[in-house]
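Read in order, the letters of the sequence shown are residues 23 to 351 in the working numbering. The C-beta atom is built at its ideal place from N, Cα and C for all residues, glycine as well. Given the structure is predicted, the values throughout are model-derived calculations rather than measurements. Reviewing the structure listed below.
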Amino acid sequence: MIFNNLIGQNNVKQILIDSVREGRVRQAYIFNGPEGVGRKTAAKDFIMMALCATLDSCGTCTSCKLCENNTNPDIIWINPAKNKASIGVDEVRSLENMIVTAPSTGRLKFFIIENGELMTPQAQNALLKTLEEPPEYAVIIIVCSNVSALLDTIKSRCVQVDFARNTRAEIAAVLRNRSGMTDEQLIEQICDYSDGSIGRSLSAVNSEEYTKIRSQVCTVLEELGTLPAESDGKVYARLQKLFTSNQEKKEILFYFLSLELRNIMITKTNDSNQVDLYGKISYYKAAHCLEYIENTWKQIKQNVNYKLATGNLVIRMYSELRKARTKNG
């Protein structure tokens, strides 16, 4: 059962297994890598193995059963406080208050800080004091997706374990075996969307919004490419609504917008005589819109206000595609 839940990440598995079996479990780790590749799963499996009576994740000892039921009192998860976007000093102080108490059931006590990149500088400085002289039974795991957001003094006191993106084959196997998918075209599409993240691929499979948003994108692009000029107001409103109504699923929305515009470009390139995907949207207009979309997505990922960024995008896309319809007829 050792690391039975973690898919891929063979290098990570070997590092952590060796550290347990050789009695070299360190007191601080950074599990760094993209979201959805198994960082938290690895932390759970690592802890279960380290606390197991046989160091083998036997599944039958008291510690293993507590771990499987998520009731082990010696495993504490630290997250941002409710309604807060960052991990502040208060959360770190709560860790400090709990770390002085010895383990209840075993020889080690684990503290996992989720989304470690969200720690404020003040919180990191507070944590640094604990990392300098932790109790011998304490193990701190910082799970993060952007290790550069951590102070150098934090990183220097931790063992950094880097997680790779999942391979296409790993993601496809999960979709087939765990989700029971048989549509190979859809599997390929979700593999593209996943960007090397099994977690992201599974969220798409389990989301009714996935197919719903694609349908919305196709409908709006079709209207932009085919409806006459007198319908401009309606089409503009539909395009605007596409972004405002899908803010919570913006990753899926931007993925499908990019995908469909690329489809138009491929169609134009491969067969100039073929009726293109969405009426009168030309290759160059699709390429310009794709550039606008990619730039807007970069801005959103850099925390630019979503409403402001997509409002500007709507104006640019509408203007570009309207010119395409006016020019072509």
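- Per the C-alpha coordinates, the member of A191, Y340, E206, V227 positioned closest to F265 is Y340.
- DSSP places Y305 within a helical segment (H, G or I) once states are collapsed to three.
- Fully contained in the segment 31–88 are the following beta strand (DSSP E) runs of length 3 or more, in chain order: 50–54.
- When rounded, the separation of the alpha-carbon atoms in G110 and I288 is 48 Å.
- Around the beta carbon of Q207, a 10 Å sphere encloses fewer than 16 other beta carbons of the protein chains shown; the residue is thus reported as exposed.
- Separation of E57 and S219 (C-alpha to C-alpha, rounded to the nearest whole angstrom) is 7 Å.
- Rounded to whole angstroms, E136 and T82 show a C-alpha spacing of 28 Å.
- Contact between the segment 48–55 and the segment 149–168 is established, with three or more Cβ pairs separated by less than 8 Å.
- Here the segment 26–38 lies against the segment 175–191, with 3 or more beta-carbon pairs under 8 Å apart.
- Note that the C-beta distance between A309 and T318 is not below 8 Å.
- In this structure, DSSP gives A124 a state outside helix and strand, which the three-state scheme calls coil.
- Here the alpha carbon of D205 sits roughly 28 Å from the alpha carbon of S267.
- In the assembly as shown, S216 is a buried residue. Its beta-carbon has 16 or more other beta-carbons within 10 Å.
- CA-CA distance, T175 to Q211, rounds to 42 Å.
- Residue burial annotation: S178 is exposed, with fewer than 16 other C-beta atoms found within 10 angstroms of its C-beta.
- Remark: C-beta atoms of N94 and S85 approach each other more closely than 8 Å.
- When C-alpha distances from A75 are compared across V169, S237, K307, R129, the shortest belongs to R129.
- Excluding its 5 nearest sequence neighbours in each direction, E192 has C-beta neighbours in its own chain below 6 Å: I29, G30, listed in chain order.
- Counting along the chain, the unbroken alpha helix (DSSP H) around C213 starts and ends at 206–216.
- Take the alpha-carbon of C240 and the one of E282: they are about 7 Å apart.
- Buried is the label assigned to G138, since at least 16 other Cβ atoms lie within 10 Å of its Cβ.
- Of the candidates K256, L312, C311, K323, the residue whose Cα lies closest to the Cα of E273 is K323.
- Shown here, M287 sits in a helix according to DSSP, grouped into three states.
- Taking every protein chain shown into account, the CB of V122 has fewer than 16 other CB atoms within 10 angstroms, so this residue is exposed.
- Annotation: the continuous beta strand (DSSP E) that includes I135 extends over 131–135.
- Under the three-state reduction of DSSP output, A186 falls in the coil class, being neither helix nor strand.
- Judged by DSSP in its simplified three-state form, V239 adopts helix.
- Counted as a single uninterrupted DSSP element, the beta strand (DSSP E) harbouring A160 occupies residues 160–166.
- Here the alpha carbons of L197 and R190 stand approximately 11 Å from one another.
- Linking L173 to Q146 through their CA atoms gives a straight-line distance of about 7 Å.
- Residue nearest to F133 within the set E113, T142, I286, E244 is E113 (criterion: CA-CA distance).
- The DSSP-derived three-state label of V326 is coil.
- Rounded to whole angstroms, the gap between the alpha carbons of R200 and V227 is 11 Å.
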